[in-house]
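In my numbering, the protein residues as written are 11 to 186.
Here the structure is laid out as C-alpha cells; the discussion comes afterwards.
Structural data, given as C-alpha cells:
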C-alpha cells in the first residue's frame, strides 16, 4: 500500500523517500524490465539510498553494508565467486578448471578491495558535515547568504540617477 501511494505521489511530482522495508513491488530497470535480477536491484536500492544520504553518518552506515569485513556485500560476493569456482571445477574439464581459476581471481580481487577499504566507512563518518544538503536547505542557505537588495537607512523613494551619455551620442553643442 505504501509503495503504491509513493508511486502515485512521485508520478505527480512529489519527492517520496520510503524506507527499504516498505518497498514491496518489483524494481525494474531498462535492462531488466521484468525485475528478474532481484539481487542486483537490492544493490541498486542501496546505491540510491547512498546517493540520497543527507549526512556522512548515514552514508557511512550504507557504505558499511558493502564494506563490513564479516557480513558486507563484498565479503558475500567473494564467497559467491569461491562457490562458483568450486562448481566450475566440479566439471573436471579443462574449460571448468579455467573458469574456476577466473572465479577464484575475482574472489581474490574482491577480498583485496575489501581490505583496501576496511576503514573507509569510519573515514566517511569522520567527515562530520552534511554529505549533500537537501533542496530546501540549499535554498535557505542561498537566501541567508544572498546580498541584500536594500541598504540600511536608505529612503524608500526611488532615486533617479542622471542618465549617462552613451559614447556614440553627439557631444553637447559647441561653437567654433
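Even for Gly, the Cβ is constructed at its ideal location relative to N, Cα and C.
As the structure is a prediction and not an experimental result, all values here were calculated from the model.
Contact check for residue 87 against residue 134 fails: the beta carbons are separated by 8 Å or more. Secondary structure of residue 68 (DSSP, three-state): helix.
Non-local C-beta neighbours of residue 75 in its own chain, meaning closer than 8 Å and more than five positions away in sequence, comprise 56, 82 and 83, ordered along the chain. A straight line joining the alpha-carbon of residue 50 with that of residue 104 spans about 30 Å.
Uninterrupted alpha helix (DSSP H) stretches at least 4 residues long and entirely within the region 81-112 occur at 83-99, given in chain order.
Judged by their CB atoms, residue 66 and residue 128 are not nearer to each other than the 8 Å cut-off.
Looking at the DSSP output, residue 42 bridges to 39.
Apart from sequence neighbours up to five positions away, the residues of its chain that approach residue 117 with a beta-carbon distance below 6 Å are 88, 91 and 92, ordered along the chain. For residue 136, the closest C-alpha among the options 71, 95, 39 and 40 is that of 71. According to the DSSP assignment, residue 149 belongs to the alpha helix (DSSP H) that extends over 145-155. Taking C-alpha positions only, residue 149 is separated from residue 155 by approximately 10 Å.
If you draw a straight line from the Cα of residue 130 to the Cα of residue 73, it is about 8 Å long.
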